[in-house]
Amino acid sequence: MVRVWGPRALEVADSAFRPVRGERLARTDPGRPRVGRMGVGLGDEVVAVVVEGDPPEVEIQCHGGPSPVALVVEAIVAAGAERRQPVAWIRHVARSRIAAEAEVDLARAPTVRSAEVLLDQSQGALEADARRLIALARDDPSATLDEVEALLRRARVGLRLVSGWRVVLAGRPNVGKSRLLNALAGFNRALVDPTPGTTRDVVAVRTAFDGWPVELADTAGLRTSEDAIEATGIARARTRQAEADLVVVVLDRSEPLTHADREVIEAFSGGLIVANKADLPPSWEPWAPQVLSISAQRGDGIEALAAAVAHRLVPEPQPPGAGVPFRSAHVRWLYEARDALNAGAVDAATRRLSEFLAHLPDPSRAHHGHRSEGEDDSD
Numbered sequence: 512m513v514r515v516w517g518p519r520a521l522e523v524a525d526s527a528f529r530p531v532r533g534e535r536l537a538r539t540d541p542g543r544p545r546v547g548r549m550g551v552g553l554g555d556e557v558v559a560v561v562v563e564g565d566p567p568e569v570e571i572q573c574h575g576g577p578s579p580v581a582l583v584v585e586a587i588v589a590a591g592a593e594r595r596q597p598v599a600w601i602r603h604v605a606r607s608r609i610a611a612e613a614e615v616d617l618a619r620a621p622t623v624r625s626a627e628v629l630l631d632q633s634q635g636a637l638e639a640d641a642r643r644l645i646a647l648a649r650d651d652p653s654a655t656l657d658e659v660e661a662l663l664r665r666a667r668v669g670l671r672l673v674s675g676w677r678v679v680l681a682g683r684p685n686v687g688k689s690r691l692l693n694a695l696a697g698f699n700r701a702l703v704d705p706t707p708g709t710t711r712d713v714v715a716v717r718t719a720f721d722g723w724p725v726e727l728a729d730t731a732g733l734r735t736s737e738d739a740i741e742a743t744g745i746a747r748a749r750t751r752q753a754e755a756d757l758v759v760v761v762l763d764r765s766e767p768l769t770h771a772d773r774e775v776i777e778a779f780s781g782g783l784i785v786a787n788k789a790d791l792p793p794s795w796e797p798w799a800p801q802v803l804s805i806s807a808q809r810g811d812g813i814e815a816l817a818a819a820v821a822h823r824l825v826p827e828p829q830p831p832g833a834g835v836p837f838r839s840a841h842v843r844w845l846y847e848a849r850d851a852l853n854a855g856a857v858d859a860a861t862r863r864l865s866e867f868l869a870h871l872p873d874p875s876r877a878h879h880g881h882r883s884e885g886e887d888d889s890d
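Structural data, given as structure tokens:
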């Protein structure tokens, strides 16, 4: 869909639109669909609707795919419009900065669960929390500080709603990391081979655990290698592991623990440990309940592992309708408000919290020209 908006939107759209029959678009009643043609040689058939407003706007439905949309946009631009990204339209109609940001991120949400959280924010959940905190700050700064800390904890989820969490599989060669990645992803993404050192680079896949978006990465087995290519892969593995939100340490339960295994366990002491190859006779037993016994080959324990990963990433899911900061700017304002409250500067804290409620700077400036919307936003 292409939308034309601005003070001359109807005039511009009308000059580019040729009705199949009947009156021109400028003389059509608002809300009444009109069939016509637009584009090079007026070859593409479209449906145009005048949207009532002051000034009126025009919605144009065309055939799917980037080429028909591009033809319509080019025709409207040639008639005098300015090409704009959809984010400009969102900012034009949004009631506040947070609502506009949430709408933009909502269009990028990779999972339904992420979308549900962002939809709550677009409908005012975070703004409602900000208003409540501003009202509470003067009467009870201590309670306000507790609420700000709670919002900062929720931001750990909010900041990952679009980009997703980074989970990395780590372990020595040939413990079954690649097969485990395939089992967790639900399809064969990584090459599986009994030869140690087969994985020589980071192999990543986008998936979801309990509805939360995750980039799951298989990395080269950690060992000392004189092979230049494998050594490069190991170096990249260590970099990816250092950047991860969670490292899953993979051990081979069918073989005695090695010095390399113990080094990996020690290096990622805060990670999630799994004992793979439970389908084979065991050489050792898990030493703690939190060490999960699985079989990537047979599928045993994979659901439990996925649930454990989700719990480690999001230990306290927010209730429906809760305010969740989802941009780094929100977190910055909250940290500044927290610091002000800790210093006893209540006025400074309320000023920072008030920025949650700030509307877009001069939203009327969107009407200074006539805009056409019809491309993907990259903002």
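For the sequence shown, position 4 (counting from the first letter as 1) is numbered 515 according to our numbering, and the numbering increases by one without interruption. The beta carbon of each residue, even a glycine, is placed where N, CA and C say it ideally should be. For clarity, every value in this text was computed on a predicted model and none was experimentally measured.
- Query: Looking at the unbroken beta strand (DSSP E) that takes in Pro724, where does it start and where does it end?
  - Reply: Reading the sequence shown from its first residue, position 213 is the one you call residue 724. Unbroken beta strand (DSSP E) run through Pro724: Trp723 to Asp729.
- Item | Own chain residues within Cβ distance below 7 Å of Ile776, not counting five before or after | Your numbering for residue 776 matches position 265 in the sequence shown. Closer than 7 Å at Cβ, skipping near neighbours: Val760 and Ile784.
- His690: which of Leu868, Leu727 and Leu670 sits nearest, CA to CA? Residue 690 sits at position 179 when you count from the first residue of the sequence shown. The sequence as given places Arg at residue 690; His does not occur at that position. Checked all of Leu868, Leu727 and Leu670; the closest Cα to Arg690 is Leu727.
- Message: Measuring only the C-alpha atoms, how far is Trp676 from Gly810?
- Response: Here residue 676 refers to the residue found at position 165 of the sequence shown. Here residue 810 refers to the residue found at position 299 of the sequence shown. Cα to Cα, the separation comes out at about 23 Å.
- Roughly how many angstroms lie between the CA atoms of Asp858 and Arg642, to the nearest whole one? To locate residue 858, count along the sequence shown from 1; it is residue 347. To locate residue 642, count along the sequence shown from 1; it is residue 131. Roughly 14 Å between the two C-alpha positions.
- Grouping DSSP H, G and I as helix and E and B as strand, with all else coil, what is Asp525? Within the sequence shown, the letter at position 14 stands for residue 525. In the structure shown, Asp525 sits in a helix (DSSP, three-state: H, G or I).
- Query: If you drop the 5 nearest sequence neighbours on each side, which residues of the same chain put their C-beta closer than 6 Å to that of Glu737?
  - Reply: Counting from 1 along the sequence shown, the entry for residue 737 is found at position 226. Any answer about Glu737 is weak, because its pLDDT of 48 lies below 50 and its placement is not dependable; what the coordinates show is given next. Excluding positions up to five away in sequence, the list is empty.
- Message: Let's test the definition: count the other Cβ atoms within 10 Å of the Cβ of Trp723 and tell me whether it reaches 16, buried, or not, exposed.
- Response: For the purposes of this step, residue 723 is identified with residue 212 of the sequence shown, where counting begins at 1. Buried, because 16 or more other Cβ atoms sit within 10 Å of the Cβ of Trp723.
- Message: With a threshold of 8 Å between beta carbons, is Pro830 in contact with chain B?
- Response: Going by chain labels, chain B is absent from the structure shown, which holds only one protein chain.
- Thr861 - DSSP class collapsed to helix/strand/coil: Residue 861 sits at position 350 when you count from the first residue of the sequence shown. Note: Thr861 maps to helix in three-state DSSP.
- Task: Give the secondary structure of Thr718 by DSSP, where H, G and I count as helix, E and B as strand, and everything else as coil.
- Result: One-based indexing of the sequence shown puts residue 718 at position 207. Correct three-state label for Thr718: strand.
- Query: Between which two residues does the beta strand (DSSP E) carrying Glu570 extend?
  - Reply: Along the sequence shown, read from residue 1 onward, the residue named residue 570 stands at position 59. It spans Glu568 to Gln572 - the beta strand (DSSP E) in which Glu570 sits, taken as one unbroken run.
- Item | 6 Å CB neighbourhood of Gly782 in its chain, flanking five on each side removed | The residue given as residue 782 occupies position 271 in the sequence shown. Around Gly782, the same chain offers Val758 and Val760 as residues with beta carbons nearer than 6 Å, after the five sequence neighbours per side are excluded.
- Task: Return yes when the Cβ of Leu803 is within less than 8 Å of the Cβ of Ala815, no when it is not.
- Result: If you number the sequence shown from 1, residue 815 lands on position 304. If you number the sequence shown from 1, residue 803 lands on position 292. Taking 8 Å as the Cβ cut-off, Ala815 and Leu803 qualify as a contacting pair.
- Query: Alpha carbon to alpha carbon, what distance is there between Ala786 and Ala799?
  - Reply: Counting from 1 along the sequence shown, the entry for residue 799 is found at position 288. Counting from 1 along the sequence shown, the entry for residue 786 is found at position 275. About 11 Å.
- Task: State whether the segment 516-533 contacts the segment 558-578, with contact taken as three or more CB pairs (one from each stretch) at a distance under 8 Å.
- Result: Look at the beta carbons and you see the segment 516-533 touching the segment 558-578: at least three pairs across the two are nearer than 8 Å.
- Message: Here's the rule I'm using: 16 or more other beta-carbon atoms within 10 Å means buried, otherwise exposed. How should Pro792 be labelled?
- Response: Walking along the sequence shown from the start, residue 792 turns up at place 281. Counting Cβ neighbours within 10 Å, Pro792 comes out exposed, since fewer than 16 surround it.
- In chain order, what residues of the same chain have a beta carbon less than 6 Å from the beta carbon of Ala610, not counting five sequence neighbours either side? Here residue 610 refers to the residue found at position 99 of the sequence shown. Closer than 6 Å at the Cβ level, and outside the excluded window around Ala610, lie Ser633.
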